[in-house]
Ligand SMILES: NC(=O)c1ccc[n+]([C@@H]2O[C@H](COP(=O)([O-])OP(=O)(O)OC[C@H]3O[C@@H](n4cnc5c(N)ncnc54)[C@H](O)[C@@H]3O)[C@@H](O)[C@H]2O)c1
C-alpha cells in the first residue's frame, strides 16, 4: 500500500514528536519539513526543548527530505498529501486554512486556534475541504484516558460520583521567541495546557450546564493556573486543575482520581504503575492499557482514516472548537468571579 506523504511544519517541541510518529508509522513517510530556523532544517535539533542532554539530537538524519523555510512552499508542494502543523498557536488559523484550501489532509496541534471566532472559521473551511482534518487533542487517545472513557461509558464500576483531573508543570520557556510566555500568542496555560482536561471532560461527560473557575495570572500575563468546577447537577462532581505556575524541578504531572459507585480509579504520570483501581470489595486492580502514547495513537488513527477514506470521528473540528469555547468561559468565570452558563 502506498504510504501517505507527510510534510511537517514547525519543528519545535511538538513538531519533533509528530515527525518521529510519522517516521515510525508504516502508513506514512515524511517527504518535507518547514521551519524558519536554519539549524533545525540542517538536522541540528539540540536546541529543541527537552533535547539538551541528547547528543544524537544535534545530528538528525534528514536525507531525502525536502526542506523549506517558508511554510506556504511546503503547503503548495504537490508531493505533500498531509500537512502536519505544529506551529505556535497564534499561527494555526492562517496555515490550517491555507493547507485545507490547497486540498491537503491536515493535522493541526491543539488548541486549534486562539479564539472561538478563528476556530469557527477553520471549522467552516474544513467542512467544505477535500482533505481530511484532525486536531491533536491527544488526551482522547492517551491509553489511560481511553481506558477511563470506556469504563465510564460501559459503567463497569457503576456511575461516576466524582472526577477530578490535574495537569501541573513549570512554565514552558523553551518556545520559539518565547511565544508561550506571551498570552496574546499562546492563550496562557488555560488555553495551552488546561484545554486537554477541558476537552476530555466535555468528551466523556458532554456539555456542562455551567462552569465556575478560580484562577490566577502568571508569567504569560494570562490565566496560568486555574481550578474549574463543571456543573453536571448535584449528583456528580467534576473538576479540573491546570497550571504552569509550579517552581524549579517540579515534575510534569497529569493525573485523575475518579470515584465510581463501586471503585476508585487513580492515575498519575508520577506513579508506577500509573493506573490503579481500588474496588469496594477491597481488591487493588492494575488495568491493562493499550501500548503507545497519545501522540502515536492519534497520528495512527488519522492515517488510518486517510487510508480508509473516512472522516475522523474521535476528534472533530466542532469538538476542538467547543473545547476552546469552554476554556474561554472558564477564563471569564475566573476573571469575573462568577458562574458562566454554557450554551454550545
Ligand atoms: N499535544 C500536546 O501535548 C502539546 C504539547 C506541546 C505543545 N503543543 C502545541 O504544539 C504547538 C507547537 O508548540 P511547541 O511547544 O512545539 O512550540 P515550539 O516553539 O517549540 O516550536 C515551534 C516551531 O515553529 C517554528 N516556526 C515558527 N514560526 C514559523 C513559521 N512561520 N514557519 C515555519 N516554522 C515556524 C519555530 O522555529 C519552532 O521550531 C502549539 O500549538 C502547542 O500548543 C501540544
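Residue numbers (the working numbering): 319 to 662.
All C-beta atoms in this analysis are idealised placements derived from N, C-alpha and C, irrespective of residue type, glycine included.
beta-carbon residue i near ligand 1 non-hydrogen atom, thresh 7 Å
| i | result |
| --- | --- |
| residue 456 | yes |
| residue 633 | no |
| residue 405 | yes |
| residue 419 | no |
| residue 331 | yes |
| residue 512 | no |
| residue 545 | no |
| residue 428 | yes |
| residue 338 | no |
| residue 352 | yes |
| residue 363 | no |
| residue 423 | no |
| residue 542 | no |
| residue 562 | no |
| residue 367 | yes |
Per DSSP, the bridge partner or partners of residue i
| i | result |
| --- | --- |
| residue 535 | 541 |
| residue 529 | 548, 658 |
| residue 399 | None; residue 399 has no bridge partner. |
| residue 348 | 324 |
| residue 455 | Answer is none; residue 455 lacks a bridge partner. |
| residue 559 | 484, 545 |
| residue 578 | 478 |
| residue 425 | 402, 452 |
| residue 586 | 573 |
| residue 603 | 595 |
Cα-Cα separation, residue i to residue j
| i | j | result |
| --- | --- | --- |
| residue 329 | residue 347 | 16 Å |
| residue 390 | residue 343 | 25 Å |
| residue 547 | residue 589 | 25 Å |
| residue 638 | residue 323 | 25 Å |
| residue 271 | residue 381 | Only positions 319 to 662 of the chain appear in the structure, and residue 271 is not among them; the question remains open. |
| residue 491 | residue 518 | 26 Å |
| residue 542 | residue 645 | 12 Å |
| residue 335 | residue 419 | 26 Å |
| residue 366 | residue 654 | 37 Å |
| residue 544 | residue 417 | 34 Å |
| residue 616 | residue 579 | 31 Å |
| residue 414 | residue 403 | 7 Å |
| residue 393 | residue 610 | 29 Å |
| residue 629 | residue 436 | 21 Å |
| residue 406 | residue 471 | 35 Å |
| residue 397 | residue 383 | 11 Å |
| residue 481 | residue 362 | 43 Å |
| residue 411 | residue 442 | 12 Å |
| residue 641 | residue 516 | 6 Å |
| residue 357 | residue 445 | 37 Å |
| residue 478 | residue 465 | 14 Å |
| residue 409 | residue 508 | 18 Å |
| residue 599 | residue 558 | 28 Å |
| residue 522 | residue 463 | 10 Å |
| residue 613 | residue 592 | 18 Å |
| residue 596 | residue 493 | 40 Å |
| residue 582 | residue 438 | 38 Å |
| residue 626 | residue 345 | 11 Å |
Chain-order list of residues whose beta-carbon lies under 7 Å from that of residue i (same chain, five-residue window excluded)
| i | result |
| --- | --- |
| residue 341 | 348 |
| residue 385 | 351, 359 |
| residue 378 | 361, 363 |
Heavy atom of ligand 3 within 7 Å of residue i beta-carbon
| i | result |
| --- | --- |
| residue 594 | Ligand 3 is not part of the structure shown, which contains ligand 1 as its ligands. |
Integer-rounded CB distance, given that residue j should sit under 8 Å from residue i
| i | j | result |
| --- | --- | --- |
| residue 604 | residue 594 | 6 Å |
| residue 452 | residue 633 | 6 Å |
| residue 658 | residue 556 | Not confirmed; about 15 Å, so no contact. |
| residue 564 | residue 573 | So it is not a contact: roughly 13 Å between Cβ atoms. |
| residue 538 | residue 501 | 4 Å |
Chain-order list of residues whose beta-carbon lies under 6 Å from that of residue i (same chain, five-residue window excluded)
| i | result |
| --- | --- |
| residue 570 | 487 |
| residue 395 | 350 |
| residue 624 | 322, 423, 450 |
| residue 400 | 322, 324, 423 |
| residue 510 | 504 |
| residue 447 | 418 |
Interface flag, residue i vs chain D, CB-CB below 8 Å
| i | result |
| --- | --- |
| residue 485 | The structure shown contains no chain D; it holds only a single protein chain. |
Beta-carbon contacts of residue i that lie in its chain and below 8 Å, excluding the five residues immediately before and after
| i | result |
| --- | --- |
| residue 568 | 486, 487, 488 |
| residue 514 | 428, 455, 456, 457, 485, 560, 572 |
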